[in-house]
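Colleague: Chains as they are written, first to last, in the UniProt record's numbering: chain A, 1 to 406; chain B, 1 to 406; chain C, 1 to 316; chain D, 1 to 316.
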Amino acid sequence: MELGDTAEEAEFRHALRAWLAGALPALPPAPDPEDWPARRAYDMEWQRALYDAGYAGLHWPRDAGGQGAPPGRHLIFLEETERAGAPYVGAGFVGLLHAGPTIAAEGTAAQRARWLPPILRGEEVWCQGFSEPDAGSDLAALRTRAVPDGNGDYVVTGSKIWTSHAQVADWCELLVRTDPQAPRHRGITWLALPMDAPGVTVRPLRTLAGTEEFAEVFLDEVRVPAANRVGAEDDGWRVTLVTLSFERGTAFAGEVVACRRLLRELAATARSSGRWEDAVLRRRLGRLHAEFTALWRLVQWNVSEAGHTGRQRCTGAPGPGAPGMGVPGTGVPGAGASVFKLRYSHARQELYDAAAEVLGPDGALDAAADWTAGRLSSLAYTIAAGTSQIQRNIVAERVLGLPKGR
Amino acid sequence: MELGDTAEEAEFRHALRAWLAGALPALPPAPDPEDWPARRAYDMEWQRALYDAGYAGLHWPRDAGGQGAPPGRHLIFLEETERAGAPYVGAGFVGLLHAGPTIAAEGTAAQRARWLPPILRGEEVWCQGFSEPDAGSDLAALRTRAVPDGNGDYVVTGSKIWTSHAQVADWCELLVRTDPQAPRHRGITWLALPMDAPGVTVRPLRTLAGTEEFAEVFLDEVRVPAANRVGAEDDGWRVTLVTLSFERGTAFAGEVVACRRLLRELAATARSSGRWEDAVLRRRLGRLHAEFTALWRLVQWNVSEAGHTGRQRCTGAPGPGAPGMGVPGTGVPGAGASVFKLRYSHARQELYDAAAEVLGPDGALDAAADWTAGRLSSLAYTIAAGTSQIQRNIVAERVLGLPKGR
Amino acid sequence: MDFRLTDDQLALRRGTRELLEGRTGGMPPRGGLDRALWRALGDAGLFALALPEAEGGVGLGLPEAVLVFEEAGRLLLPGPLAASWLAAGRLGVPGAADGTSVVTALDAGDGVPVEHLAAADRLLVLEGGAGAQARLARPEELCAAPVRSVDPLTPLHRVSGRTGAAAVPGAAAVPGADVALLRREGALLTAAQQLGSAGRTVELAVAHARVREQFGQPIGSFQAVKHLCAGMLERVETARSVVYAAALTENEDETAAAKLLADEAAVRGARDCIQVYGGLGFTWEADVHLHLKRAWLRAEQWQNTVTCEESLAAAI
Amino acid sequence: MDFRLTDDQLALRRGTRELLEGRTGGMPPRGGLDRALWRALGDAGLFALALPEAEGGVGLGLPEAVLVFEEAGRLLLPGPLAASWLAAGRLGVPGAADGTSVVTALDAGDGVPVEHLAAADRLLVLEGGAGAQARLARPEELCAAPVRSVDPLTPLHRVSGRTGAAAVPGAAAVPGADVALLRREGALLTAAQQLGSAGRTVELAVAHARVREQFGQPIGSFQAVKHLCAGMLERVETARSVVYAAALTENEDETAAAKLLADEAAVRGARDCIQVYGGLGFTWEADVHLHLKRAWLRAEQWQNTVTCEESLAAAI
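1) Closest to G196 (chain C) by C-alpha separation, out of C:E250, C:K259, C:G95 and C:R138, would be which residue?
2) Would you report the Cα separation of W46 (chain B) and L379 (chain B), rounded to the nearest angstrom?
3) For the candidate residues A:A373, A:D220, A:A41 and A:E350, whose alpha-carbon lies nearest to that of A30 (chain A)?
4) If the cut is a Cβ gap below 9 Å, which residues of chain C does T207 (chain A) touch?
5) Starting from E309 (chain C), trace the alpha helix (DSSP H) both ways and give me its first and last residue.
6) Taking V339 (chain B) and L228 (chain C) to be in contact with their CB atoms under 8 Å, please state how far apart those CB atoms are, rounded to whole angstroms.
7) Counting contacts by CB-CB distance shorter than 7 Å, is A279 (chain A) in contact with chain B?
8) Please list the terminal residues of the continuous alpha helix (DSSP H) segment that includes H291 (chain C).
9) Would you verify that the beta carbon of H157 (chain D) is, or is not, closer than 7 Å to some beta carbon of chain A?
10) Under 7 Å, Cβ to Cβ, is there at least one residue of chain C near Q223 (chain D)?
11) Got a sec? Which residues, its chain only, sit under 8 Å from L20 (chain A) by beta carbon, not counting five neighbours each side?
12) Which complete beta strand (DSSP E) runs does the region 148-175 of chain A hold, if anything under 3 residues is left out?
13) If contact means a Cβ-Cβ distance below 7 Å, which residues of the region 281-300 of chain A contact chain B?
14) At which residue ranges does the region 201-263 of chain A contain complete alpha helix (DSSP H) runs of 4 or more residues, listed in the order of the chain?
15) Quick one: is the Cβ of G386 (chain A) within less than 6 Å of any heavy atom of the ligand MG?
16) If I'm right that V93 (chain D) touches L37 (chain D) with Cβ under 8 Å, what's the distance once you round it to whole angstroms?
17) Using the Cα positions of N393 (chain B) and L342 (chain B), report the straight-line distance between them to the nearest angstrom.
18) Could you have a look at W60 (chain B) and say whether DSSP puts it in helix, strand or coil?
19) Does DSSP classify R186 (chain A) as helix, strand or coil?
20) Return the CA-CA distance between L24 (chain B) and Y88 (chain B), expressed in angstroms with no decimal places.
21) Taking a contact to mean a Cβ-Cβ separation below 7 Å, would you say A215 (chain B) touches P204 (chain B) in this structure?
22) Rounding to the nearest angstrom, what Cα-Cα distance links D287 (chain C) and Q193 (chain C) in this structure?
23) Buried or exposed: which applies to C172 (chain B), given that a residue is buried once 16 or more other Cβ atoms fall within 10 Å of its Cβ?
24) Short check: CB of E141 (chain D) to CB of G170 (chain D), under 7 Å?
25) Take E132 (chain B) as the anchor and find which of B:R143, B:E124 and B:E123 has the nearest alpha-carbon.
26) Can you tell me where the beta strand (DSSP E) holding G129 (chain B) begins and where it ends?
27) If we define contact as Cβ-Cβ less than 7 Å, is G326 (chain B) a contact residue for chain C?
28) At what residues does the beta strand (DSSP E) containing V159 (chain C) begin and finish?
29) Since V103 (chain D) sits in a beta bridge, which residues does DSSP pair it with?
30) In this structure, what does DSSP give as the bridge partners for Q133 (chain D)?
31) Using a Cβ cut-off of 7 Å, pull out every chain G residue sitting near H227 (chain D), in sequence order please.
32) In the DSSP assignment, the beta strand (DSSP E) including A145 (chain C) goes from what residue to what residue?
33) Tell me whether the beta-carbon of A253 (chain A) lies closer than 7 Å to the beta-carbon of L78 (chain A).
34) In or out: residue 320 (chain C) buried (at least 16 other Cβ within 10 Å) or exposed?
35) Could you name the residues of the region 348-368 of chain B whose beta carbon sits closer than 9 Å to any beta carbon of chain D, in the order they occur along the chain?
36) How about L188 (chain C) and A270 (chain C): are their beta carbons less than 7 Å apart?
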């Protein structure tokens, strides 16, 4: 066990820090959060800068255009960029963390050549078309239909929901049902949908935070070439699991670093406002400090494990065979990441609840305050990407080996 | 809505208080908690004193030898006896609160005449033979067999567990399986077992608190006359539900009063030791004050409802038909009592956990301290008489009408 | 003791629900404070419930007011209901009883922004402890700036410049009731609204869980969802028992217990309801978020958690 | 960074488990402190792990000690392990390293009774803060009375008469390590034991839930039970990450976080395990209660929750 940087890691950290010190002041001012084209432009410009500096796709394999660095390098990247106040991945999220890795793992040479470089260079934005109004936690219940037309196209009809950046995306990683007769988890296919295809309608979805972070995507007889299919027809569920595992794995690592910063800000506010004298609140903040310290170590542990064995740590009493514990050798995180997601979702909500206490009614009831917006959006964490209830099922069945059923 | 005493209630309270002031000083000293015969004698002597003073079976119907008082009168009795520091029901518990009411509701005239007066007069002790090693939360899985021998006796073989006062009981309200072919909830029969019958063996069961509050009862071809059967053969499950409902209803009312007193003692201790300065602990005690205030009001509400309609309050969104919501007109509390039991079990554990904080390690680690013994025994509250998990099922399915199944 | 609703109380609750559902369609009124509805409440005698009949009131008491406020909370009726009720009763502010005058309140020192200041006709100012008299001002006398309120149905103003009551020096003392009494009754009526909201979120969650299917069955058939709903009901019923009791006993500790438990039932109920709703609960269109936001607001008004816990501790 | 157990560390863990299970049958030793086992631990080099090889040690460090202590905690090995380990290493107390001498500890001022005083050969006395030196005494020098310990495998003595260190005026200062350092390492090793116990209660709960049938199926197939077990594992894994990290960083905040989260994982794990066991968990015969009682004791020793939370808050 070693938490310190190796010589290579130290060098990487040093070089990154130096580069950030030069690159960040050159950035344009951050765009208006409601101006989606401006946000896209800003995020893509930052991605291009990373690409030019050799920091794009750190954890992607070299043959996919990435740096092939061990996952620990990516954590250093997240730590250092957060510390320096660099932009987040933003509109590049789905491309860099979902669709790209999926194409890298499952796509043909032609598909990799077509889609991966524009993602790394910040030229094309991807969005995710998985969830549907009647297929949320139960993703395999999706009903969007794709029918081959006999001329090499699929004709796709249906609707998707909870799609981020749909307004400004070029591509959508789309799950469709190609065989409605097959069992639920079969008969699903993964397609790359060009968002400018005729029949695609994007309608922004207003969240309880009052913002339009997500959209609904309606598909009315949209033609998608069969060449846009990644993996075999009807094999999309397996392809999807690869992507979902990425989402449940390291996707929140950067946020943990950010939460540690937020906690420091909160403590500073409490100290200067006098709220620090409230022992109940102070000890609650102390506990959150323990929480985020542990969560960061959990990320490091999971990443170390995944980097070497392709499995998340799963101690306790793993069941016989313990399916879903990650795919050995692939770097794909498995069910152990559910432990992290469960804990982190809750800790994030706790942090924002504590913030409301620190700020008092004056701040907590002000919708214009960043803390209030953050508190509202934190409510999604125990729901999105698999509810906490689903995560507990995964932990119980796949990690602990408890019997399926009720 | 009226919480104050009516004129009759005030008179009852006044007379009871006066009687207690005279009766309590005449009581012998409390027995050694490990000396079961002495405990039985003490509890029975107190019951006899209550009987002589006209306070026995307050809530029992008049035709069963009780006072036929509305349930509210019983609450006043619990309040006043607790306030005065009178003994608890002790060894009389099963007779007065389970078996007696069951016999009163379901027994023949001869059975009522045989068993009820000795219960009220403190002459006979009953214990409960429901749970079995493999039938805990799933009571209907019980396997103790009773086979009619053709001469008017049942021959009973099996074992029971978690039986209080078995060492000193005269009778056991026993559930046995008379038809092993019938569906689980049918084929069960309720018998009154004389504890001195040949073939009955009682083995004390040591709990995690280190005490022997419970026993296992082994039955080896024990003969029980058919005349001891209450209700029809194979109808014991329905008879049982009546008894269980009593257990889940008012059985804990007296304890809520006691918890309020314990909380006051705890606050006094904290104030004198300086622990009161710990705001976290102080506010936790404040919250417990709210909790037990509300629980007492919930008891009063449930008792008021049960006294008039035979139903516990069930608001929220009762399901169509809402089975199990109590038996109208019978005074039998229903599923609404599960809400109370859920909340109270947890509050009691919280109280003892808070006590450990107040007392500090010196007290909390001392097994000889009453608070430590209470803390250990509080752990049974979320398990016994239906685990909290089972209670939540009952609330969800019978009160809220959510679908059965998973 | 007979701790059940009387037939008259049941009728009052039914009548109030019919009146409110008739005018709102049973949904939280998205338009904010509705003066016509306010006058209808006045006409129905709801602000004057506790006034003697000789003074144009109904001659009932706090228990009845609690039932009415519970119904208002169920529908998230926007407006400074508690302050207006206190103004109509204890303080005899003209127009408050018949609903022609809307009265909001500022409690000096609790730091809670003032609700519906722009729409109000009068501002009740509470300052000091037991024995101090409440004061009354015109809303425009308060130097305050609008806040972008977290509750979209409740506009808020933050006092600017001088803090609390000092910001309305011209407010005139109102004889009739001391601020401690007003604070207690205000807390109870607010608790009643929280109770109504909490009860409504159980209904919403249960109704959703019965029809929403995932994995081939209603989600309400899964224990995880069942137990969330059972916990919600447990909190509602526990809070209800002490809210109703506090209305009868008018006891200060019991009121603090009522506020504490009703706040918790409302906030946690709304959060659990969002969880049961899943993604749908995260949308603006579903009403659930309105329950959460109102619950956050009401939990701060008229005694917050810290105040309740400390006063309960002191009272043990 | 490579935050995984090395092959050597895995082998150490395996070896320790084999040694302990071989001598205990894999069950908490009901007989209390076993001096033969203690010497076997000494012979295996477990108390001297961190000593340089030149001093008869193994030349390893805290991370290895944490793995050993986790295994000891898993089996609820009775005895003042942390104090003896500190005595063997930092303080060089004769006989501690080879397990011939059992060393227990008194921390003046934390009010925690002293464990295994009668069986101990030496008493380590901690008083004061950073910079202060630990002192060493013979156990019989301490004026103390036996307590009926809540943990049946851990006899406790309460200091009587004068409080804390003043009760052993004859204790001699030990050069080598200041008390703050000893307290930090003691807390970490105690956290490791709690972690082991917490991990064990998940195993017990899961094993029981797989075989115990109610309503015609294993109770582990019910979501309510599944989710209890999942929560237990969540706490164990979270605590483990920070316990191991604190062993590497030797950082004070991180150690407080480790103690806080491991204590919680152990106490709540044992309670949830009792709940999963149902009535069986309430019996003396099942081992589960021993985990709870030891967890309560360890949670008080070497920094309790209040101390951890306050020092973590101060460090933000």
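C-beta: ideal position from N, C-alpha, C; glycine also.
Source: prediction; values computed, not measured.
Modeller: Here's the rundown:
1) Numbered from its first residue, the third sequence carries residue 196 (chain C) at position 196. Ranking C:E250, C:K259, C:G95 and C:R138 by Cα distance to G196 (chain C) puts C:K259 first.
2) Sequence index remark: in the second sequence, residue 46 (chain B) carries index 46 (1-based). Sequence index remark: in the second sequence, residue 379 (chain B) carries index 379 (1-based). Distance between the alpha carbons of W46 (chain B) and L379 (chain B): 29 Å.
3) Here residue 30 (chain A) refers to the residue found at position 30 of the first sequence. Nearest to A30 (chain A) by C-alpha distance, out of A:A373, A:D220, A:A41 and A:E350, is A:A41.
4) Numbered from its first residue, the first sequence carries residue 207 (chain A) at position 207. F282, T283, W284 and H289, listed in chain order.
5) Position 309 of the third sequence, counting from 1, holds the residue named residue 309 (chain C). From DSSP, the alpha helix (DSSP H) with E309 (chain C) extends over T305 to A315.
6) The count along the second sequence starts at 1 and reaches residue 339 (chain B) at position 339. The count along the third sequence starts at 1 and reaches residue 228 (chain C) at position 228. The pair is not a contact, with the Cβ atoms about 15 Å apart (cut-off 8 Å).
7) Locating residue 279 (chain A) in the first sequence gives position 279, counting from the first residue. Output row for A279 (chain A): interface = yes.
8) The residue labelled residue 291 (chain C) in the question sits at position 291 within the third sequence. Counting along the chain, the alpha helix (DSSP H) containing H291 (chain C) begins and ends at V288 to E300.
9) Position 157 of the fourth sequence, counted from the start, is the residue given in the question as residue 157 (chain D). No, its Cβ sits nowhere closer than 7 Å to a Cβ of chain A.
10) Sequence index remark: in the fourth sequence, residue 223 (chain D) carries index 223 (1-based). Q223 (chain D) counts as touching chain C.
11) As a position in the first sequence, residue 20 (chain A) is number 20, starting the count at 1. So the list reads E80, T81, A84 and A86, once near-sequence residues are dropped.
12) 153-164
13) R283
14) Qualifying alpha helix (DSSP H) stretches, in chain order: 236-249.
15) Of the ligands one can find in the structure shown there are none, so the ligand MG has no counterpart to examine.
16) Along the fourth sequence, one-based indexing puts residue 93 (chain D) at 93. Along the fourth sequence, one-based indexing puts residue 37 (chain D) at 37. About 19 Å; that fails the 8 Å criterion.
17) Counting from one through the second sequence, the residue named residue 393 (chain B) turns up at place 393. Counting from one through the second sequence, the residue named residue 342 (chain B) turns up at place 342. Each residue's alpha carbon lies about 11 Å from the other.
18) The count along the second sequence starts at 1 and reaches residue 60 (chain B) at position 60. If DSSP states are grouped into helix, strand and coil, W60 (chain B) belongs with coil.
19) Taking the first residue of the first sequence as 1, we reach residue 186 (chain A) at position 186. In the three-state reduction of the DSSP assignment, R186 (chain A) falls in the coil class, being assigned neither a helical nor a strand state.
20) Here residue 24 (chain B) is taken as the residue at index 24 of the second sequence, counted from 1. Here residue 88 (chain B) is taken as the residue at index 88 of the second sequence, counted from 1. The straight-line gap from Cα to Cα measures roughly 12 Å.
21) Along the second sequence, one-based indexing puts residue 215 (chain B) at 215. Along the second sequence, one-based indexing puts residue 204 (chain B) at 204. Closer than 7 Å, so yes.
22) Position 287 of the third sequence, counted from the first residue, corresponds to residue 287 (chain C). Position 193 of the third sequence, counted from the first residue, corresponds to residue 193 (chain C). CA-CA distance, D287 (chain C) to Q193 (chain C), rounds to 16 Å.
23) Within the second sequence, residue 172 (chain B) is the residue found at index 172, counting from 1. Within a 10 Å sphere around the beta-carbon of C172 (chain B) sit 16 or more other beta-carbons, which makes this residue buried.
24) Against the fourth sequence, residue 141 (chain D) aligns to sequence position 141. Against the fourth sequence, residue 170 (chain D) aligns to sequence position 170. Closer than 7 Å, so yes.
25) The residue labelled residue 132 (chain B) in the question sits at position 132 within the second sequence. Comparing Cα-Cα distances from E132 (chain B) to each of B:R143, B:E124 and B:E123, the minimum goes to B:R143.
26) The residue you call residue 129 (chain B) lines up with position 129 of the second sequence. Segment W126 to G129, the beta strand (DSSP E) holding G129 (chain B).
27) The residue labelled residue 326 (chain B) in the question sits at position 326 within the second sequence. Confidence at G326 (chain B) is low in this model, with a pLDDT of 35, below 50, so the placement of that residue is unreliable and no value is reported for it.
28) In the third sequence, residue 159 (chain C) corresponds to position 159, counting from 1. V159 (chain C) -> beta strand (DSSP E) spans L156 to V159.
29) Taking the fourth sequence and counting its residues from 1, the one referred to as residue 103 (chain D) is at position 103. Answer is D:R122.
30) Here residue 133 (chain D) corresponds to residue number 133 of the fourth sequence, with the count starting at 1. According to DSSP, Q133 (chain D) bridges with D:D178.
31) In summary, chain G is missing from the structure at hand, where the protein chains are A, B, C and D.
32) For the purposes of this step, residue 145 (chain C) is taken as residue 145 along the third sequence, with counting starting at 1. Boundaries of the beta strand (DSSP E) harbouring A145 (chain C): A144 to V147, taken from the DSSP string.
33) Counting from 1 along the first sequence, the entry for residue 253 (chain A) is found at position 253. Counting from 1 along the first sequence, the entry for residue 78 (chain A) is found at position 78. Cβ distance < 7 Å, so A253 (chain A) and L78 (chain A) count as in contact.
34) The structure shown does not extend to residue 320 (chain C), since chain C is modelled only from 1 through 316, so no value can be given for it.
35) Q349, A356, E357, G360, P361, D362, A364, L365, D366, A367 and A368
36) For the purposes of this step, residue 188 (chain C) is taken as residue 188 along the third sequence, with counting starting at 1. For the purposes of this step, residue 270 (chain C) is taken as residue 270 along the third sequence, with counting starting at 1. Cβ distance not < 7 Å, so L188 (chain C) and A270 (chain C) don't count as in contact.
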